[in-house]
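Number of protein chains: 2
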Amino acid sequence: MDKSAIFQKFLTFTAAVHQISNDFTKDVRPGDITTVQYKILEYIAVSQPSTLSSISECMHMSMPNTSRELKKLSEKQFCEKVTDPEDRRKQYIRLSAKGEALMNEVFGRIEAQFDERLLNISEDELKELEQAIDLLHTKVFY
Amino acid sequence: MDKSAIFQKFLTFTAAVHQISNDFTKDVRPGDITTVQYKILEYIAVSQPSTLSSISECMHMSMPNTSRELKKLSEKQFCEKVTDPEDRRKQYIRLSAKGEALMNEVFGRIEAQFDERLLNISEDELKELEQAIDLLHTKVFY
DNA sequence: CCATTTTGTTATCAAATGATAAGTAAAGGG
DNA sequence: CCCTTTACTTATCATTTGATAACAAAATGG
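Which chain is which? The protein sequence lines are A and B, in order.
For the first sequence, the residue numbers in our numbering are 1 to 142.
For the second sequence, the residue numbers in our numbering are 1001 to 1142.
(1) Would B:T1051 pass as an interface residue toward chain A - the criterion being a Cβ-Cβ separation below 8 Å?
(2) Only counting the same chain, and skipping five residues up and downstream in sequence, which positions put a Cβ closer than 8 Å to that of B:S1074?
(3) Across which residues does DSSP place A:Y91 in a beta bridge pair?
(4) Quick one: Cα of B:M1061 to Cα of A:R88, how far?
(5) Check distances from the C-beta atoms of the stretch 71-91 of chain A to those of chain B and list, in chain order, the residues that come in under 9 Å.
(6) Against chain A, with Cβ distances strictly below 8 Å, would B:Q1048 count as a contact?
(7) Taking CB distances under 8 Å as the criterion, tell me whether B:I966 reaches chain A.
(8) If you reduce the DSSP assignment to three classes, tell me which class A:T34 lands in.
(9) Report, in whole angstroms, the separation of the C-beta atoms of A:I133 and B:F1024, which I expect to be a contact under 8 Å.
(10) Between the beta-carbon of B:I1040 and the beta-carbon of B:L1095, is there less than 8 Å?
(11) Given this structure, state the Cα-to-Cα distance separating A:D32 from B:I1055, to the nearest angstrom.
(12) Which residue marks the beginning of the alpha helix (DSSP H) containing A:F78, and which one marks its end?
(13) Return helix, strand or coil for B:S1050, following the three-state DSSP convention.
(14) From the beta carbon of A:A16, is the nearest beta carbon of chain B less than 8 Å away?
(15) Just the C-alpha distance for B:L983 and B:N1120, rounded to the nearest angstrom, thanks.
(16) Does A:I101 come within less than 8 Å of chain B when only Cβ atoms are used?
(17) Does B:Q1019 come within less than 8 Å of chain A when only Cβ atoms are used?
(18) Beta carbon of A:F114, beta carbon of B:F1141: below 8 Å?
(19) With H, G and I counted as helix, E and B as strand and the rest as coil, what does DSSP make of A:K26?
(20) Spell out whether any CB of chain A is found under 8 Å from the CB atom of B:D1115.
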């Protein structure tokens, strides 16, 4: 079968995903946080708790820069560093109450736009969507 | 039905898509181009021909900045501006031969990683994947 | 034909980001 | 116990990016 046709779809699809999630998050990011800092918070929110080095690796950022941004985020009280008692070099990073509140609000606003998009959709279609997401998640985007 | 459960999946799914496409393009971007410039080329490649203002809008970039980056890309011979004969204010932007070559190589390398991921996959599963992509593309990421 | 709008350019400045060097403190391994 | 590695920090600098003001040229619409 034509695998390269699927690849074409993969390309335009990922482009569309980026487009949409950019549109969705466009006006929800608070002003006192930079783009990179927001991305970091988003990452922490999804994969809590994480360490500085894992953030550095996943975001393709150098340790010094990750450290700097995380320091700023901590100073702004959006996240907290907790030293691992087992290995006191490690710092576990998690959202603070303020950070949780912020991300909940942001995700809530994104959800509103998401819901709007799925307004007139049937139960069956919703089920199909869920299965489609699961499938792609496990087979391609893992 | 639980729409907010699907939203959770939507969130982690889009996070995964970003993650994977970052990983895929990580080592593929040529050194003489910045991140933003690469993103612009990617956009042009997918939606050719486009105008300066549409690029500006879709990439959430101001016109002056878009103009500047596009100028740099043109100077580096990756794309060309063609004045619309019907409306001589408009500039159609398309990849140059060099730009096409670059993006073909880049997409080729991404495709190699994509294929690797789908190595031991059956015809039926491939069909399912295609349908899943189509479904999400039309219902959610449009 | 003149005012306005659209489309894009140029210049400039502050802020964010990336890259690198040099350092600290804890853990691990012989 | 000492050497090395790991995890992270601090400092510094160049580059990139974002934001704004001021401009030009073509189209549009009375």
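Positions of the beta carbon are idealized from the N, C-alpha and C atoms, including for glycine.
Nothing here was measured: the structure is a model prediction, and the numbers come from that model.
The short version:
(1) Taking Cβ atoms only, chain A never reaches closer than 8 Å to B:T1051, which makes this a no.
(2) E1080, K1081
(3) Strictly speaking, residue 91 of chain A in this sequence is Gln, with Tyr absent from that position. Paired residue(s): A:T83.
(4) 43 Å
(5) none
(6) no
(7) Because residue 966 of chain B is not part of the residues shown, which for chain B are 1001 to 1142, the question remains open.
(8) A:T34 falls in the coil class under three-state DSSP.
(9) Not confirmed; about 19 Å, so no contact.
(10) Contact: no.
(11) If I take the Cα positions, the gap works out to 27 Å.
(12) From DSSP, A:F78 is part of no alpha helix (DSSP H); its letter is neither H nor E.
(13) Secondary structure of B:S1050 (DSSP, three-state): strand.
(14) yes
(15) This structure gives no information on residue 983 of chain B, because the portion of chain B shown stretches from 1001 to 1142.
(16) Sequence inspection shows Ala at residue 101 of chain A; the Ile mentioned does not correspond to that position. False, the Cβ-Cβ gap to chain B never drops below 8 Å.
(17) yes
(18) no
(19) coil
(20) Yes, B:D1115 lies at the interface with chain A (some Cβ there is under 8 Å from its Cβ).
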